[in-house]
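Residue numbers (the numbering used here): 26 to 152. This report concerns only the one structure given below.
As structure tokens, this is what we get:
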């Protein structure tokens with residue numbers, strides 16, 4: 026299933042993040058990664074379609090996470106929701122796994138080794 030078209034992700038994401046975190050205009054393989062030493066975002070592709078986005082960040086650096094995930098992905102793609110926020114806050118509080126299911130995007134938040142991981146996948150609306 027498709028999360029979004031790569032071109033749409035590039036347009037929305039790159040408009041919200043500084044140059045050092047921007048995605049290339051054209052995909053260079055099945056996986057792309059951007060970020061720094063404390064936070065990374067991996068984009069998984071099938072051709073020109075994004076099938077998942079994974080953001081991993083050290084709990085000690087919220088700035089890069091905010092730039093990549095909150096500003097770039099959620100803000101740039103219009104995927105901000107109360108459910109995503111509540112699931113993220115719950116994971117930060119109890120270090121458990123929490124899932125937020127919205128009509129287009131399912132976000133899974135987890136904690137391990139002082140790192141927060143967010144995995145975005147398309148919501149299966151056929152169930």
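Built from N, CA and C at the ideal position, the CB exists for glycine as well.
Query                                                                                                                   : Result
Those runs of the alpha helix (DSSP H) which lie wholly inside the segment 60-118 and span at least 4 residues          : 87-90
Terminal residues of the beta strand (DSSP E) in which residue 126 lies                                                 : 123-126
Span separating the alpha-carbon of residue 130 from that of residue 28                                                 : 7 Å
Cβ-based neighbour list, residue 135, same chain, cut-off 6 Å, excluding 5 preceding and 5 following                    : 122, 142
Best match in 125, 86, 79, 42 for proximity to residue 58 [C-alpha to C-alpha]                                          : 79
Close-in-space but distant-in-sequence residues of the same chain around residue 104 (CB under 6 Å, 5 per side omitted) : 130
Identity of the residue in 44, 26, 51, 87 nearest residue 33 by Cα                                                      : 51
Helix, strand or coil at residue 34 according to DSSP, with G and I counted as helix                                    : helix
Member of 76, 137, 64 whose CA lies at the smallest distance from the CA of residue 116                                 : 137
As assigned by DSSP and simplified to three states, the class of residue 58                                             : strand
Nearest-angstrom Cβ-Cβ length linking residue 100 and residue 125, presumed shorter than 8 Å                            : Contact doesn't hold; Cβ gap of about 16 Å is too wide.
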